[in-house]
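Count along the sequence shown starting at 1, add 274, and that's the number in my numbering.
Every residue gets a Cβ at the ideal spot worked out from N, C-alpha and C, and that includes glycine.
One structure below.
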Amino acid sequence: MPIPIASDHAGLPLKQALVAALAAEGLSFNDLGTHGPESVDYPDFAHAVCAKVEGGEPFGILVCGTGIGMAIAANRHPGIRAAVLHSATEARLTRAHNNANIACLGARMMGIEVALDAIRAFLATPFEGGRHERRLQKLDPVLAKQGATGAKPTP
Ligand code: RB5
Numbered sequence: 275m276p277i278p279i280a281s282d283h284a285g286l287p288l289k290q291a292l293v294a295a296l297a298a299e300g301l302s303f304n305d306l307g308t309h310g311p312e313s314v315d316y317p318d319f320a321h322a323v324c325a326k327v328e329g330g331e332p333f334g335i336l337v338c339g340t341g342i343g344m345a346i347a348a349n350r351h352p353g354i355r356a357a358v359l360h361s362a363t364e365a366r367l368t369r370a371h372n373n374a375n376i377a378c379l380g381a382r383m384m385g386i387e388v389a390l391d392a393i394r395a396f397l398a399t400p401f402e403g404g405r406h407e408r409r410l411q412k413l414d415p416v417l418a419k420q421g422a423t424g425a426k427p428t429p
């Protein structure tokens, strides 16, 4: 399934570079904008990607200048766990421990190679479940009600 991705104007060059490089590796993307250099408001694009993830897409990617504004906006959605990534290590651990479902990157903070490694690790790493499932349920009333990850908590 195409991965929903979006950026504001500051994130556009990194988003375009990511899509081009990862498409060459066989991934496909649903680019929800922005598509030009005009100044736009990052929450509009964060909410668009969150709507896709809330609708059933497993992951989304958001890019702004720092990644921080996108993450703040995305994390206002119940059931969204957005992490700002600066490394593949953070990407791996936020998938394994936090079951993060949106990766946020800062185009003014990192180069394309670090961003690519982070996204590859994010997409490849499964959630570990167990004790982490219990912790997610304490974060998120939606998960507490639905047991949405399906993983069985351990003592
Ligand atoms: C845009 O100038 C910038 O504020 C935005 O891309 C982002 O970094 C906000 O968190």
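Own chain partners of residue i with C-beta closer than 7 Å, once the 5 adjacent residues on each side are dropped
i           : result
residue 360 : 383, 384
residue 262 : Nothing about residue 262 can be reported from this structure: the residues present for the chain run from 275 to 429 only.
residue 391 : 362
Cα-Cα separation, residue i to residue j
i           : j           : result
residue 339 : residue 284 : 5 Å
residue 329 : residue 387 : 30 Å
residue 370 : residue 395 : 10 Å
residue 376 : residue 350 : 12 Å
residue 280 : residue 309 : 9 Å
residue 301 : residue 277 : 8 Å
residue 299 : residue 293 : 10 Å
residue 307 : residue 297 : 17 Å
residue 372 : residue 313 : 32 Å
residue 305 : residue 343 : 19 Å
residue 336 : residue 365 : 14 Å
Selection from the options that minimises the alpha carbon distance to residue i
i           : options            : result
residue 311 : 300, 301, 290, 294 : 290
residue 333 : 405, 275, 367      : 275
residue 401 : 368, 381, 380, 392 : 368
residue 287 : 380, 352, 391      : 380
residue 341 : 403, 404, 282      : 282
Cβ shell of residue i (< 6 Å), same chain only, five flanking positions each side left out
i           : result
residue 345 : 356, 358, 378
residue 409 : none
residue 431 : Absent from the structure is residue 431, since the part of the chain shown begins at 275 and ends at 429.
residue 425 : In this predicted model, residue 425 has a pLDDT of only 45, less than 50, meaning its place in the structure is not dependable; the value taken from the coordinates is given anyway. 403, 407.
residue 427 : At residue 427 the pLDDT is 43, less than 50, meaning the model places this residue with poor confidence; the figure from the coordinates comes in the next sentence. Within the same chain, residue 427 has close Cβ partners 407, 408.
Residue i, buried or exposed, once every other Cβ within 10 Å from all chains shown has been counted against 16
i           : result
residue 363 : exposed
residue 407 : buried
residue 429 : Because residue 429 sits at a pLDDT of 42, beneath the cut-off of 50, its placement in the model cannot be relied upon, and the following sentence gives the value as read from the coordinates. Result: exposed.
residue 413 : exposed
residue 398 : exposed
Nonlocal neighbours in the same chain, by C-beta distance under 8 Å from residue i, ignoring five residues either side
i           : result
residue 354 : 324, 327, 328, 348, 375, 376
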